[in-house]
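Protein sequences appear in the order of chains A and B.
Residues -6 to 290 (this note's numbering) are what the first sequence spells out, left to right.
Residues 115 to 357 (this note's numbering) are what the second sequence spells out, left to right.
The beta carbon of each residue, even a glycine, is placed where N, CA and C say it ideally should be.
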Amino acid sequence: MDTWIEETLPMVFLAVLDGTVTAFVLALIALGLSLVFGVMRIVNVSHGEFFMLGAVFSWFAYHWTADSVWGFVLALLIAPVIVGFIAVFSERFILRKVEYNPESTIVATIGILYIIQQLTLMGFGPEARPVEAPIYFRVSFPWFGYSGYKLLVAVMSGLCLCGIWLLLKRTKLGLYMRATQQDYEIATTFGVPTKKIYASVFALGGGLAALAGVLVVPIRQADHLMGLEPLLLSFIVVIIGGLGSIRGTIIAAFLIGISDGIISVFYEPTLAKMLATLFVVMILIIKPSGLFGENYQ
Amino acid sequence: MLIIDRISSSYDQVRVLSDISMNIKEGEVLGLLGRNGAGKSTLLKSIMGLIKIDEGTIRLDDVVLSKKLAHEIPECGIGYIPQGRRLFPQLTVEENLKMGLYTRNSNNDVLDWALSLFPVLKTRLKQKSGTLSGGEQQMLATARALCLKPRYILMDEPSEGLMPKLIETIFDIVEKLKSENVSVLLVEQKIEGTLRISDRIVFIENGTLKEETTPEQLNDNPEPLEKYVGVKSQKDAGSQSFK
Ligand SMILES: Nc1ncnc2c1ncn2[C@@H]1O[C@H](COP(=O)(O)OP(=O)(O)OP(=O)(O)O)[C@@H](O)[C@H]1O
Ligand SMILES: [Mg+2]
Chain A
-6 MDTWIEETLP
4 MVFLAVLDGT
14 VTAFVLALIA
24 LGLSLVFGVM
34 RIVNVSHGEF
44 FMLGAVFSWF
54 AYHWTADSVW
64 GFVLALLIAP
74 VIVGFIAVFS
84 ERFILRKVEY
94 NPESTIVATI
104 GILYIIQQLT
114 LMGFGPEARP
124 VEAPIYFRVS
134 FPWFGYSGYK
144 LLVAVMSGLC
154 LCGIWLLLKR
164 TKLGLYMRAT
174 QQDYEIATTF
184 GVPTKKIYAS
194 VFALGGGLAA
204 LAGVLVVPIR
214 QADHLMGLEP
224 LLLSFIVVII
234 GGLGSIRGTI
244 IAAFLIGISD
254 GIISVFYEPT
264 LAKMLATLFV
274 VMILIIKPSG
284 LFGENYQ
Chain B
115 MLIIDRISSS
125 YDQVRVLSDI
135 SMNIKEGEVL
145 GLLGRNGAGK
155 STLLKSIMGL
165 IKIDEGTIRL
175 DDVVLSKKLA
185 HEIPECGIGY
195 IPQGRRLFPQ
205 LTVEENLKMG
215 LYTRNSNNDV
225 LDWALSLFPV
235 LKTRLKQKSG
245 TLSGGEQQML
255 ATARALCLKP
265 RYILMDEPSE
275 GLMPKLIETI
285 FDIVEKLKSE
295 NVSVLLVEQK
305 IEGTLRISDR
315 IVFIENGTLK
325 EETTPEQLND
335 NPEPLEKYVG
345 VKSQKDAGSQ
355 SFK
């Protein structure tokens, strides 16, 4: 019995640690998706591609600078901005053209997904490419050492989440975003340029995904298909958390991230994804608005 | 002067307003009456730019409002209290008021003034507006619009669902606004009160302007009241509204 605990406890600890890191990154990606859905009422199927672009830019930055630290810093600063511009561009010339119609935007964002994916394939190639982490150190726990960079990823994601929270709750732009989410028509009658708010929300969503891509790429590699998994996971998170609810999104990210960590360590990753999907189905049946869904209007 | 010049509006090809002209002078209360579905709310939405007008123009003095983008119209000093309150339910009372303050960069004196009209809101600043009582919500919707320090204010049934005492408060505020030279376009079902505080009355039916008159004229000849809103006289209107 004692040896069983001695063997299991470190595993649980590792699983929770891994799960927490996943959860922070997932929260960042899913928050972008959730904001876009909440404010603009569109399902952005190309959200994962913004994540992938962040990772790919990170690889380019790493190669141009030939230095893992400077490459990382450069990618961290530039990738969200470039991706933000790409998002604004697609908002302006595609989503606005279909008047944000729910069905049309799904088709349109699938189109954006393929365009981004194929362009990346042409410019970056089909193979997965590694990016070196900017720092190497191991944090030692009683039973094992743990990647310091992973912890840094969790901390930086956490800081970003706080930043977004402050933006939404403490700034005029944030107030305008929330007001537009709740009643865009009435928001206009208080002088809110809702089209510009839409564009900023889309850019913010894309930028967050790109940032997550930059943070994650040293842990895994960059390839043109890497956007799919985070897209699916963030859909799961957003549905469980409640469409458009920020608090719900973050709580659900932790629920999914940590349970994913635990199930993956003790059983296997596929089972974790299956259970998550099953959970989504249950939520959709029992409480379609999600755990923290806020019903506006 | 707010000039509505021969406008027509429609929802998805269906014509709802046709060839409507009226104007609202500075410091005047204009009562707009008509049956359910006559197009009163549609007219207000057209002024706010929420629906594009098909024909005609809307001007504020020399500025052509109907050429502006919807979000630029409130910046000209036009406040709007929509039918059914339409607060931002997840925002706090304070945040709802801020939406009004930001529109024309009003300072805190404006906020104090708006709150002095509805002292009860002062104690509820941090509460989510969706959890306010119906009456409190209506007060907030009014205060929110006042926070943009409007020169013209469009009120769509501000007394809907309020108890008689609060209805009086709303009418008192309209009179107060008038005394501060704010113009009011008032859509109401409470006919007696509307006749009491309005300088002029217009009737619309099926999206067209039928009659333009004054409360005094209606006192002498209440026929349009019966024809367009189905009440026999001002006295009748009174009993109807305070039932
Ligand atoms: N969004 C819409 N789409 C289509 N038709 C609409 C829409 N809104 C209103 N209408 C129609 O336009 C007409 C005028 O509606 P409006 O809301 O302006 O009436 P109203 O005079 O404000 O009525 P009430 O006193 O009931 O508020 C009605 O026939 C209504 O059915
Ligand atoms: Mg109406």
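Around ligand 2, Cβ to any heavy atom closer than 7 Å, ordered along the chain: LYS154/B, SER155/B, GLN197/B, ASP270/B, GLU271/B, VAL301/B
Residue-level contact to chain A via CB, GLU209/B, 7 Å cutoff: yes
Residues near SER142/B in its chain [Cβ-Cβ closer than 6 Å; skip 5 each side]: Sequence inspection shows Glu at residue 142/B; the Ser mentioned does not correspond to that position. Taken in chain order, the residues that qualify are SER297, ASP313.
CB contact check: LEU174/B to chain A, cutoff 7 Å: no
Beta-carbon proximity list for SER220/B, same chain, < 8 Å, skipping 5 on both sides: GLY214, CYS261, LEU262, LYS263
Reduced DSSP secondary structure (H/G/I, E/B, other) of PHE317/B: strand
Backbone CA spacing between LYS90/A and PRO336/B [nearest angstrom]: 52 Å
Cut-off 8 Å between Cβ atoms - residues of its own chain near ALA180/A, not counting five sequence neighbours on either side: TYR169, ALA172, THR173, THR187, ILE190
Chain E within 7 Å of LEU46/A, Cβ atoms only: No chain E is part of this structure, whose protein chains are labelled A and B.
At least three beta-carbon pairs within less than 8 Å, the region 252 to 271 of chain A to the region 211 to 220 of chain A: no
Distance between PHE137/A and LEU254/B (C-alpha atoms, nearest Å): 59 Å
heavy atom of ligand 1 below 6 Å from VAL343/B C-beta: no
Contact between the region 320 to 335 of chain B and the region 162 to 182 of chain B (3+ Cβ pairs under 8 Å): no
Sequence-distant residues of its chain with Cβ nearer than 7 Å to SER353/B (five each side left out): Below a pLDDT of 50, predicted positions are generally treated as unreliable, and SER353/B, at 49, falls in that range; the measurement from the model is reported next regardless. The answer is none, since no qualifying residue turns up.
Ligand 1 heavy atom lying under 6 Å from the CB of GLY151/B: yes
The region 197 to 211 of chain A / the region 53 to 71 of chain A touching (three or more Cβ pairs under 8 Å): yes
Strand pairing of TYR177/A, partner residues [DSSP]: DSSP, once it has assigned bridges, lists no residue as partnering TYR177/A.
At least three beta-carbon pairs within less than 8 Å, the region 128 to 140 of chain B to the region 270 to 286 of chain A: no
Coil, strand or helix - VAL273/A by DSSP: helix
Where the alpha helix (DSSP H) containing LEU262/B begins and where it ends: First-last for LEU262/B: undefined, no H or E at that position.
CB of THR164/A within 7 Å of CB of LEU24/A, strictly: no
Nearest-angstrom Cα separation, counted from PRO73/A out to GLY198/A: 10 Å
C-beta atoms of GLY47/A and VAL207/A nearer than 7 Å: yes
Cβ-based burial, GLY56/A [other Cβ within 10 Å; buried from 16]: Reading off the sequence shown, one finds His at residue 56/A, where the question assumed Gly. Result: exposed.
Backbone CA spacing between ASP60/A and ASP216/A [nearest angstrom]: 20 Å
Closest Cα partner of ASP226/B within the set GLU340/B, LYS242/B, GLU208/B: GLU208/B
Contacts that GLU189/B makes with chain A (C-beta to C-beta distance below 9 Å): GLY184
Counted within 10 angstroms of its Cβ, other Cβ atoms place VAL38/A as buried (16 or more) or exposed: buried
THR(-4)/A to LEU2/A span [Cα, whole Å]: 10 Å
Strand pairing of ALA215/A, partner residues [DSSP]: ARG122/A
Buried versus exposed call for CYS153/A [16 or more other C-beta atoms within 10 Å across all chains shown]: buried
C-beta neighbour in chain B for ALA172/A, strict 7 Å: yes
Under 8 Å (Cβ pairs) to chain A, residues found in the region 126 to 158 of chain B: none
Start and end residues, beta strand (DSSP E) containing ASN137/B: 128 to 138
Contact with chain B by ILE179/A, beta-carbon distance below 7 Å: yes
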